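Using the numbering used here, read the sequence shown as starting at 39 and increasing by one per residue. For every residue, glycine included, the Cβ atom is placed at its ideal position computed from N, Cα and C. Small disclaimer: the values here were computed from a predicted structure and weren't measured. As structure tokens, the structure follows; a few thoughts come after it.
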Amino acid sequence: MFPERFSNLPAYAFPRLRALLDVHEPGGPVRHMSIGEPKHAFPAWVSDVIVEHAAEFGRYPINEGTPELRGAIADWIKRRFAADVDPETQVLALNGTREGLYNAGMALCPEGSSVLMPNPFYQVYMISAISAAAEPVFVPATEATGHLPDFAALPAEELDRAALCYICSPANPQGTIADEAYWQQLIELGEKHDFQILADECYSEVYRGEQPVGALQVAQAMGASAERVLIFHSLSKRSNLPGLRSGFVAGGPESIARMKQLRAYAGAPLPMPLQRAAERLWADEAHVEENRALYKAKYELADRIFGNVPGYMSPQAGMFLWLPVADGEAATLKLWQETGVRVLPGAYLSRDTTEGNPGQGFIRVALVAPYDDTEAGLTLIRDCLFDQE
């Protein structure tokens, strides 16, 4: 029989969006700005590496990642975050970060505990908690809290009950970056109340200004428990390769061992030729810098187009705008029917609480298309939804 805890789940964001929009004709040429699927070119040499190692499609993939891949990841963590991890015991290759973020809950969360997470949030956090027979606790990430969840405001008994805490920085959808002080406070809370921090940092390489600080580097600098923080990264955003499905988790040896054990039964290892490509990608920064420059130009474009809109937040990082509107669902439908631009209602990324739905008054707009297409789409959004008098 279907487990009771899955009986009242809301529909996933994109099926909900299709149900809202696809019964109506678009008001112009369709422009997809709802999903964060990178459209910039990935390095041309990736295809060459895959072809060079194509014979390895005839092998079962190494579950935890090749030694070379785990070594390349550990080297990248050292270069990027000045943090030390043992590639043998503290790194696990993933088939995209979604797999790891889900399985972390399954491997690490005791039944009957709770899991803290921001609201709005990446929906896999909630499903992982529910799958582990734990209670998801939604902590608002709104203007009042700097668009990052204020976990310290929770009652001590709620923090004591928590086993895991999901946090995304740079945040999806707001693009807000957790600074060193934020990480220090959260890690101190984790140490005091004994919960683990699952840091979803998959947007960490798409930013303007100073590079975002990482959770693991702060934890190591503080001398926190090696098991306190796990970080999750992927090549989807960093390298414009969402279809490669290559990511990793790094953290304490005990946590990684438990995730490896689960993955041996339930994981989907990355095919060997794709692991070989990932080895090269984690070792190369030139293509990442080129990609970052493209996003910086689009941040500046968004500032120019929406700079006079009340409540507009100039993105610090990531690949989305979090635009304030009266009602996100109504604005999304109006935009579709009048212009053909497809965005995502903010409420589809949030959960209703007694204080309301923190995404209700927003739409999420993806900045993934080439510059000219992005400019055209953003201009249509401005002219359709915002009074420019």
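Asked, Found
"Minimum C-alpha distance to Asn210 - residue among Val175, Thr183, Ala191 and Pro156", "Pro156"
"Burial state of His271 (16 or more Cβ within 10 Å)", "buried"
"Residue environment, Thr391, which counts as buried when at least 16 other CB atoms sit within 10 Å", "exposed"
"From Arg266, Pro53 and Ala112, residue whose alpha carbon lies closest to that of Ala253", "Arg266"
"Buried versus exposed call for Asn278 [16 or more other C-beta atoms within 10 Å across all chains shown]", "buried"
"Cα-Cα separation between Glu292 and Tyr409, rounded to whole angstroms", "45 Å"
"Reduced DSSP secondary structure (H/G/I, E/B, other) of Glu427", "Unreliable positioning characterises Glu427 in this predicted model, as indicated by a pLDDT of 42, which lies under 50. The coordinate reading is nonetheless provided below. Three-state DSSP puts Glu427 in coil, outside helix and strand."
"CB contact flag (Leu139, Tyr163, <8 Å)", "yes"
"Leu171 versus Ala335 - alpha carbon distance", "Note that residue 171 is Ala in the sequence shown here, rather than Leu. Distance between the alpha carbons of Ala171 and Ala335 is about 44 Å."
"Residues that Ala191 bridges to, as DSSP identifies them", "The partner list for Ala191 (beta bridge, DSSP) is empty, contrary to what the question assumes."
"Top-ranked residue by Cα proximity to Arg389, from Tyr98, Ala49, Glu317 and Thr214", "Ala49"
"7 Å Cβ shell around His91 - same chain, five flanking residues per side excluded", "Met310, Pro311 and Arg314"
"Best match in Glu243, Leu418 and Ile168 for proximity to Asn46 [C-alpha to C-alpha]", "Ile168"
"Collapsed DSSP secondary structure at Arg402 in the structure displayed", "strand"
"C-beta neighbour in chain C for Gln375, strict 8 Å", "Among the chains of the structure shown, chain C does not appear; only one protein chain is present."
"Glu427 burial status per 10 Å Cβ neighbour count (16 or more: buried)", "For Glu427, the pLDDT reaches just 42, beneath the cut-off of 50, and the residue's location in the model is therefore unreliable, leaving the point undetermined."
"Bridge-paired residues (DSSP) for Ile2", "A question about residue 2 goes unanswered here, because the residues of the chain that appear run from 39 up to 427."
"Reduced DSSP secondary structure (H/G/I, E/B, other) of Glu106", "helix"
"Collapsed DSSP secondary structure at Leu387 in the structure displayed", "helix"
"Pair within 8 Å by beta-carbon distance, Val251 and Met357", "no"
"Residue range of the beta strand (DSSP E) that includes His325", "No beta strand (DSSP E) holds His325; the alpha helix (DSSP H) holding it covers Ala324 to Phe344."
"Distance between Lys116 and Phe286 (C-alpha atoms, nearest Å)", "14 Å"
"Beta carbon of Gly134 nearer than 8 Å to that of Ser166", "no"
"Exposed unless 16 or more other CB atoms sit within 10 angstroms - verdict on Phe176", "buried"
"Cβ contact check for the segment 295-302 and the segment 51-61: 3 or more pairs under 8 Å", "no"
"Element boundaries [alpha helix (DSSP H), containing Ala355]", "Ala355 -> no alpha helix (DSSP H), and no H or E assigned at all."
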